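Q: Each residue of the sequence shown is one higher than the one before, counting from 3 in our numbering.
The beta-carbon is built from N, C-alpha and C at its ideal position, and this holds for glycine as well.
Since the structure is predicted, the reported quantities are computational estimates derived from the model, not experimental observations.
Attaching a single structure in structure tokens format; questions to follow.
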Amino acid sequence: LAFAAGLSLGAASAAAAIFSFRLDASGPAGMPPALLNASRAPYAPALPPTAVPVAYMESPPLDNSCLIRSLVLPDGPQTFDACGFVVRSTDAVWNLRGDVDAAIDKYFHEGYVDAGSWGRRIIGKKALRDAVLSEMRAFPDIQIHITDCVCKGNDNDGYKCAMPDVLTGTNLGPSAYGPATGRFARWTGMVESLVKRNPATGQWQYYAEWGVHDEWALIQQLGLDFSRVPHPQRNTEPVHNCAPLLNATPQLVMNSFDADAQRAFRAAKANA
Numbered sequence: 003l004a005f006a007a008g009l010s011l012g013a014a015s016a017a018a019a020i021f022s023f024r025l026d027a028s029g030p031a032g033m034p035p036a037l038l039n040a041s042r043a044p045y046a047p048a049l050p051p052t053a054v055p056v057a058y059m060e061s062p063p064l065d066n067s068c069l070i071r072s073l074v075l076p077d078g079p080q081t082f083d084a085c086g087f088v089v090r091s092t093d094a095v096w097n098l099r100g101d102v103d104a105a106i107d108k109y110f111h112e113g114y115v116d117a118g119s120w121g122r123r124i125i126g127k128k129a130l131r132d133a134v135l136s137e138m139r140a141f142p143d144i145q146i147h148i149t150d151c152v153c154k155g156n157d158n159d160g161y162k163c164a165m166p167d168v169l170t171g172t173n174l175g176p177s178a179y180g181p182a183t184g185r186f187a188r189w190t191g192m193v194e195s196l197v198k199r200n201p202a203t204g205q206w207q208y209y210a211e212w213g214v215h216d217e218w219a220l221i222q223q224l225g226l227d228f229s230r231v232p233h234p235q236r237n238t239e240p241v242h243n244c245a246p247l248l249n250a251t252p253q254l255v256m257n258s259f260d261a262d263a264q265r266a267f268r269a270a271k272a273n274a
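What follows is the structure, given as structure tokens:
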């Protein structure tokens, strides 16, 4: 499910992103002039180098081949249509305009983990619902156009899936980036997900997702000033050297960073 299209900037920062602006009719389509950046001249593009840069060759190398041994998936039955699940669940939550709450409850595990831009994490169905509804308020006509899907795994351990997509929508409500601009935007992305059968219910569900979407393109199309968009000072996403997001040896499990975050969530919920 490609909900990590900026949602995980999401509900927690959405309230902080609703600014009080005085609308000025002199701005195009009623936009506050302070938000527009179209008058700024773009930087001049640099010509490509004629040879491999010396500074590049002098920088430390990186060999990712240590990752390969952890990517071999365990054998097992493969009767579940994992890509069909990804497509249908995405439509049920985002595109069909049906019972959104029922779709979230059906397709997402209680301890669901979402990793989004800037290293942000949201955990649990409540945080997920807040993020989804906030995005729907920001882009009431939002549509997620799935462009492909690939899944690997088995019925016993689960499947890891990748889904590229194109999102479209008109910004008619406040978002995690700022106030409504009335502008239409189109942005692309990719989501990797962990889909497993819930042993308590037998229902296949999302246990975790890692999404990367072109939020820079989205913010630019909305005409917002990036310096005023709420965001962390730095990207806190850990560098998972030699450790994939989903380790397939000996079984399909999440990386330790996200697994620890999920355990902390469960412990806090149990002690609440």
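Ends of the beta strand (DSSP E) at W206?
A: Numbered from its first residue, the sequence shown carries residue 206 at position 204. Run containing W206: W206 to H215, per the beta strand (DSSP E) assignment.
Q: Just list the residues that DSSP pairs E194 with in beta bridges.
A: Counting from one through the sequence shown, the residue named residue 194 turns up at place 192. For E194, which the question treats as bridged, DSSP gives the partners A164 and W212.
Q: Identify whether F110 lies in helix, strand or coil by the three-state DSSP scheme.
A: Locating residue 110 in the sequence shown gives position 108, where the first residue counts as 1. In the structure shown, F110 sits in a strand (DSSP, three-state: E or B).
Q: What is the DSSP secondary structure of G1, reduced to helix, strand or coil?
A: The chain is shown only over 3 to 274; residue 1 falls outside these bounds and no answer can be derived.
Q: Grab the span of the alpha helix (DSSP H) containing G86 for me, first residue to last.
A: Here residue 86 corresponds to residue number 84 of the sequence shown, with the count starting at 1. Per DSSP, G86 belongs to the alpha helix (DSSP H) from A84 to T92.
Q: Does DSSP classify F141 as helix, strand or coil?
A: Looking up residue 141 in the sequence shown gives position 139. Here F141 sits in coil by DSSP.
Q: Whose C-beta lies closer than 8 Å to the C-beta of I144 among residues of the same chain, with five residues either side of it excluded?
A: Along the sequence shown, one-based indexing puts residue 144 at 142. Contacts found: W96, E137, M138, L169, T170 and G171.
Q: Can you tell me which residues form a DSSP beta bridge with R188?
A: For the purposes of this step, residue 188 is taken as residue 186 along the sequence shown, with counting starting at 1. DSSP, once it has assigned bridges, lists T170 as partnering R188.
Q: Can we say the region 226 to 240 touches the region 196 to 209, given the rule of at least three CB pairs closer than 8 Å?
A: The answer is no - the region 196 to 209 does not touch the region 226 to 240, with fewer than three Cβ pairs under 8 Å.
Q: Leaving aside the five residues before and after H242 along the sequence, list all residues of the same chain whose C-beta is less than 8 Å from its C-beta, in chain order.
A: Counting from 1 along the sequence shown, the entry for residue 242 is found at position 240. Cβ within range, chain order: N257 and F259.
Q: Less than 6 Å between C-beta atoms, sequence neighbours within five positions excluded: which residues of the same chain meet that for D150?
A: Taking the sequence shown and counting its residues from 1, one reaches residue 150 at position 148. Closer than 6 Å at Cβ, skipping near neighbours: P166.
Q: In three-state terms, what does DSSP make of G121?
A: In the sequence shown, counting from the first residue as 1, residue 121 sits at position 119. Correct three-state label for G121: helix.
Q: State whether the region 148 to 163 contacts the region 77 to 93, with contact taken as three or more CB pairs (one from each stretch) at a distance under 8 Å.
A: Taking 8 Å as the limit for Cβ pairs, the verdict is that the region 77 to 93 does touch the region 148 to 163.
Q: Evaluate L49 with the Cβ neighbour count: other Cβ atoms within 10 Å of its Cβ, from every protein chain shown; 16 or more gives buried, anything less gives exposed.
A: Along the sequence shown, one-based indexing puts residue 49 at 47. Exposed is the call here.
Q: For A250, which residues in the same chain have their Cβ closer than 7 Å to its Cβ, ignoring the five residues on either side in sequence?
A: Along the sequence shown, read from residue 1 onward, the residue named residue 250 stands at position 248. Result list for A250: S72, L73, V74, L75 and P76, in chain order.
Q: Going by DSSP, what residues sit across from V152 in a beta bridge?
A: Taking the first residue of the sequence shown as 1, we reach residue 152 at position 150. For V152, which the question treats as bridged, DSSP gives the partners A164.
Q: Output the boundary residues of the alpha helix (DSSP H) element that contains N243.
A: Counted from its first residue, the sequence shown places residue 243 at position 241. Counting along the chain, N243 falls outside any alpha helix (DSSP H), and DSSP gives it neither H nor E.
Q: Going by DSSP, what residue range makes up the alpha helix (DSSP H) through Q235?
A: Position 233 of the sequence shown, counted from the start, is the residue given in the question as residue 235. That residue, Q235, is in no alpha helix (DSSP H); it is neither H nor E in DSSP.
Q: Please work out which residues of its chain come closer than 8 Å, Cβ to Cβ, to I221, disregarding the five sequence neighbours upstream and downstream, and give them in chain order.
A: Within the sequence shown, residue 221 is the residue found at index 219, counting from 1. Cβ neighbours of I221 beyond the five flanking positions: Y179, F228 and V231.
Q: Could you check what DSSP says for A272 in three-state terms: helix, strand or coil?
A: As a working mapping, residue 272 is identified with position 270 in the sequence shown. Reduced to three states, the DSSP call for A272 is helix.
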